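Have a look at the structure below, then the notes.
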Amino acid sequence: MSVLIAIAITTGILSGVWGWVAVSFGLLSWAGFLGCTTFFAAPKDGMKGVGLSLATNMSGVAWAMLIIHGSEWIGIDILGYVVTAVVSFLMCVQAKREWLNFIPGTFIGCCATFAAGGNWQLVIPSLVLGVLFGYAMKTSGLWLKSRSEQCAKQTAAGSDLTSAAVSSNAVSSK
Numbered sequence: 022m023s024v025l026i027a028i029a030i031t032t033g034i035l036s037g038v039w040g041w042v043a044v045s046f047g048l049l050s051w052a053g054f055l056g057c058t059t060f061f062a063a064p065k066d067g068m069k070g071v072g073l074s075l076a077t078n079m080s081g082v083a084w085a086m087l088i089i090h091g092s093e094w095i096g097i098d099i100l101g102y103v104v105t106a107v108v109s110f111l112m113c114v115q116a117k118r119e120w121l122n123f124i125p126g127t128f129i130g131c132c133a134t135f136a137a138g139g140n141w142q143l144v145i146p147s148l149v150l151g152v153l154f155g156y157a158m159k160t161s162g163l164w165l166k167s168r169s170e171q172c173a174k175q176t177a178a179g180s181d182l183t184s185a186a187v188s189s190n191a192v193s194s195k
């Protein structure tokens, strides 16, 4: 089994579980999938990827709230666009920090917050659980791949022993 197929299997199963969890707890399933996407797209694997995904998604949520409230406070539409431009610049510049250097993760968190109408209280747990589900999807897929290789080796070794036994019986019966 290829890594792609193994991860596809576990991602499919856990996507269904995530959908149920999101509905059961009143979370945003689509925002969870954005968190999952952030993890899969992050340039780091494992717990470092989880940390980077969470840090950038959460910074994006904060930046979105700054844009929303900053634009409301100014009250003039055109200046709201200036706030958006300045904050977008800062969202990119923050990538100078290693723990915030995944710019797409920041924009994903920001966009999720905009899409939820600024409801950060709902966006944050949805993104966090989504990142954790992404980690579980990839980790369990890699485990499945490894396990399938072990089973294939055991099956091959077993068939080699069976072939050797059959050959041995054929020689001794002559």
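Start counting the sequence shown at 22; every next residue gets the next number (our numbering). Beta carbons are placed, not taken as given, at the ideal position from N, Cα and C, and that holds for glycine. Every value quoted in this text rests on a predicted model; they were computed, and no experiment measured them.
Starting from the C-beta of residue i, find all residues in its chain whose C-beta is less than 6 angstroms away, skip the five residues before and the five after it, and write them out in chain order.
i           : result
residue 75  : 152
residue 122 : 116
residue 39  : 53 and 154
Here's the rule: buried if 16 or more other CB atoms are within 10 angstroms of the residue's CB, otherwise exposed. What is residue i?
i           : result
residue 106 : exposed
residue 172 : exposed
residue 149 : buried
residue 69  : exposed
residue 59  : buried
residue 11  : Residue 11 lies beyond the stretch modelled for the chain, which goes from 22 to 195, so this question has no answer here.
residue 176 : exposed
residue 56  : buried
residue 114 : exposed
residue 164 : exposed
residue 48  : buried
residue 145 : buried
residue 81  : buried
Can you give me the Cβ contacts of residue i inside the same chain, cut-off strictly under 8 angstroms, excluding the 5 residues immediately before and after it?
i          : result
residue 1  : Residue 1 is absent from the model: the chain starts at 22 and stops at 195.
residue 50 : 39, 40, 43, 44 and 147
residue 35 : 154, 157, 158 and 161
Quick check: is any heavy atom of the ligand FMN less than 7 angstroms from the C-beta of residue i?
i           : result
residue 101 : Of the ligands one can find in the structure shown there are none, so the ligand FMN has no counterpart to examine.
Which residues in the same chain as residue i place their Cβ atom closer than 7 angstroms to its Cβ, once the five residues preceding and following it in sequence are excluded?
i          : result
residue 62 : 125
residue 64 : 123
residue 20 : Since the displayed the chain opens at 22 and closes at 195, residue 20 lies outside it and no answer follows.
**Asked** When the Cβ atoms of the stretch 146-164 are set against those of the stretch 94-110, are three or more pairs found closer than 8 angstroms?
**Response** no
**Request:** Kindly confirm or deny that the stretch 82-99 and the stretch 32-49 touch, where touching means at least three C-beta pairs closer than 8 angstroms.
**Result:** no
**Message:** If we require 3 or more residues per run, which beta strand (DSSP E) segments fall completely within the stretch 50-80?
**Reply:** none
**Request:** Could you say if the stretch 77-85 and the stretch 122-136 meet the contact criterion of at least three C-beta pairs nearer than 8 angstroms?
**Result:** yes
**Message:** If we require 3 or more residues per run, which beta strand (DSSP E) segments fall completely within the stretch 86-121?
**Reply:** none
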